[in-house]
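Q: The opening residue of the first sequence carries number 2 in our numbering; numbering runs sequentially from there. Note that the Cβ used here is the ideal one computed from N, Cα and C, for glycine as well. Being a predicted model, the structure only gives us computed values, none of them experimental. Take a look at this one; I'll ask things after.
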Amino acid sequence: MPELPEVENVRRSLIPHLVGHTLTEARLLRADVCTTENAATPTPADLLQGATVRSIERRGKQLAVVADTGRVLNIHLGMSGQVLVRPANPTPEEKHVHAVWTTAARSIIFKDPRRFGGLWTFSTFEALLISRWRMLGPDALDADPLTWVASLRRGRRCIKATLLDQSVVAGIGNIYADEALHRAGVHPATLSHRLSPARASALGDSVRRVLAEAVEAGGSTLRDYRNADGVSGRQQEKHLVYGRSGERCLACSAPLRTATLAQRTTVWCPRCQTKR
DNA sequence: AGGATAGCCTGCGGGC
DNA sequence: TGCCCGCAGGCTATCC
Numbered sequence: 002m003p004e005l006p007e008v009e010n011v012r013r014s015l016i017p018h019l020v021g022h023t024l025t026e027a028r029l030l031r032a033d034v035c036t037t038e039n040a041a042t043p044t045p046a047d048l049l050q051g052a053t054v055r056s057i058e059r060r061g062k063q064l065a066v067v068a069d070t071g072r073v074l075n076i077h078l079g080m081s082g083q084v085l086v087r088p089a090n091p092t093p094e095e096k097h098v099h100a101v102w103t104t105a106a107r108s109i110i111f112k113d114p115r116r117f118g119g120l121w122t123f124s125t126f127e128a129l130l131i132s133r134w135r136m137l138g139p140d141a142l143d144a145d146p147l148t149w150v151a152s153l154r155r156g157r158r159c160i161k162a163t164l165l166d167q168s169v170v171a172g173i174g175n176i177y178a179d180e181a182l183h184r185a186g187v188h189p190a191t192l193s194h195r196l197s198p199a200r201a202s203a204l205g206d207s208v209r210r211v212l213a214e215a216v217e218a219g220g221s222t223l224r225d226y227r228n229a230d231g232v233s234g235r236q237q238e239k240h241l242v243y244g245r246s247g248e249r250c251l252a253c254s255a256p257l258r259t260a261t262l263a264q265r266t267t268v269w270c271p272r273c274q275t276k277r
């Protein structure tokens with residue numbers, strides 16, 4: 002569920018708790034959620050114990066906590082991952098907490114029931130860029146759309162699959178793919194190579210608009226998503242198609258259609274969204 | 001090599 | 001009440 006807007010809100014909410022703060026302790030409670038560069042067992046130092054946080058970066062749906070030592074902790078939330086701020090004093094038993102960091106003022110926990118997410122440690126930011134982030138396309142919000150909009154027209158698969166492909170453009174998940182397609186009037190089953198340059202450009206604009214709007218609304222909370230301070234998002238109230246299977250289109254009142262596309266539940270309006 | 005598919009994992013809601 | 005099943009889905013590995 003956490004897509005670009007949710008991850009960006011986690012990033013922003015973490016900054017006051019982490020940037021400029023020293024991590025006095027880093028504890029890994031479940032070793033298999035964390036991977037190091039050389040596949041060795043992660044040490045507390047790998048997890049930034051003793052370091053001061055310099056910045057928190059994001060690319061697509063992934064975060065990178067950069068320490069003043071140059072070390073980097075890459076966090077991917079997957080489906081159910083959360084980074085949450087807790088009081089400094091010992092927290093009551095909480096399920097599915099896999100890592101805990103301590104600062105002078107707070108504890109920060111990584112919690113992930115479904116464990117589709119994880120942690121990756123790197124000795125430098127460059128090491129992250131040439132390994133895990135090498136397969137990510139440009140960030141859907143931060144990058145110039147000219148760098149990726151033309152790529153939406155490549156391939157023989159449907160445009161929904163292309164939007165979800167993180168190597169084309171990074172940050173779009175199932176929710177915002179459907180929302181952007183509806184806003185652009187593009188049918189999700191349109192073959193990517195059949196998309197006209199003008200429609201690809203319009204779709205790129207829709208992607209950016211819906212993501213920017215969602216960031217400002219604090220992301221979408223369907224069930225679990227919260228920012229690091231535990232605050233829910235409000236963008237789910239603005240969804241035009243996602244989660245509205247069987248209901249009527251808010252733009253034209255035609256019954257919305259639902260099908261599985263690219264192995265994802267896909268909702269669209271058969272009247273507003275066309276293949277050409 | 002691009003693209004489709006299976007599998008990972010847990011919680012929840014519906015049906016019986 | 002309780003059990004079972006289906007569903008949610010980001011990403012990697014594997015296959016075609």
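How far does the beta strand (DSSP E) with isoleucine 110 in it reach, from first residue to last?
A: 107–112 is the span of the beta strand (DSSP E), which, as asked, contains isoleucine 110.
Q: For the region 156–174 and the region 56–74, state whether three or more C-beta atom pairs, one from each stretch, are separated by less than 8 Å.
A: Short answer: they touch.
Q: Suppose contacts are defined by Cβ-Cβ distances below 7 Å. Is lysine 279 in contact with alanine 263 by that definition?
A: This structure leaves residue 279 out entirely; the chain is present only between 2 and 277.
Q: What three-state label does DSSP hand tryptophan 134 in the structure shown?
A: Residue state, collapsed to three classes: helix.
Q: Considering only the alpha carbon of each residue, which of Pro43, Glu248, Ala203 lies closest to proline 146?
A: Among Pro43, Glu248, Ala203, the Cα nearest to that of proline 146 is on Ala203.
Q: Helix, strand or coil for aspartate 179? Go by DSSP, reduced to three states.
A: Aspartate 179 falls in the helix class under three-state DSSP.
Q: Using 10 angstroms around the beta-carbon of arginine 227, count the other beta-carbons present and answer buried if the total reaches 16, otherwise exposed.
A: With 16 or more other Cβ atoms within 10 Å, it is buried.
Q: Hey, would you say arginine 235 sits closer than 7 Å to alanine 252, going by beta carbons?
A: For arginine 235 and alanine 252, no; Cβs fall outside 7 Å.
Q: Would the region 15–35 count as touching the region 48–60 if we require 3 or more Cβ pairs under 8 Å?
A: With a cut-off of 8 Å, the region 48–60 and the region 15–35 count as touching, because enough Cβ pairs lie within range.
Q: Suppose the cutoff is 7 Å on Cβ atoms and the five residues either side in sequence are ignored; what does the same chain contact list for glycine 156 look like?
A: Hits under 7 Å: Thr163, Ser193, His194.
Q: What does the alpha-carbon distance come out to for the pair threonine 148 and proline 88?
A: Computed Cα separation, rounded: 43 Å.
Q: In three-state terms, what does DSSP make of glycine 119?
A: Correct three-state label for glycine 119: strand.
Q: Do glutamate 180 and valine 211 come within 7 Å of each other at the CB atom, strictly closer than that value?
A: Result yes, Cβ atoms of valine 211 and glutamate 180 sit closer than 7 Å.
Q: Whose CA, out of Gln274, Arg245, Val34, lies closest to the CA of arginine 200?
A: Comparing Cα-Cα distances from arginine 200 to each of Gln274, Arg245, Val34, the minimum goes to Gln274.
Q: What does the alpha-carbon distance come out to for the pair serine 132 and glycine 247?
A: The straight-line gap from Cα to Cα measures roughly 42 Å.
Q: Does the region 108–128 come within contact of the region 34–42, defined as at least 3 CB pairs closer than 8 Å?
A: The region 108–128 vs the region 34–42: in contact.
Q: Buried or exposed for glycine 244, going by 16 or more other Cβ atoms inside 10 Å?
A: Its Cβ having fewer than 16 others within 10 Å, glycine 244 is exposed.
Q: Give the list of continuous beta strand (DSSP E) stretches no shorter than 3 residues that lie fully inside the region 32–68.
A: Complete beta strand (DSSP E) runs here, min 3: 54–60, 63–68.
Q: So, are the CB atoms of valine 73 and isoleucine 109 less than 7 Å apart?
A: Going by C-beta atoms, valine 73 is not nearer than 7 Å to isoleucine 109.
Q: By Cβ distance below 8 Å, which residues in the same chain neighbour leucine 165 in space, the five residues on each side in sequence not counted?
A: Closer than 8 Å at Cβ, skipping near neighbours: Ile173, Gly174, Asn175, Ala178, Ala263, Arg265.
Q: Rounded to whole angstroms, what's the CA-CA distance from threonine 125 to histidine 18? Just pull it up for me.
A: Near 22 Å, if we compare the C-alpha coordinates of histidine 18 and threonine 125.
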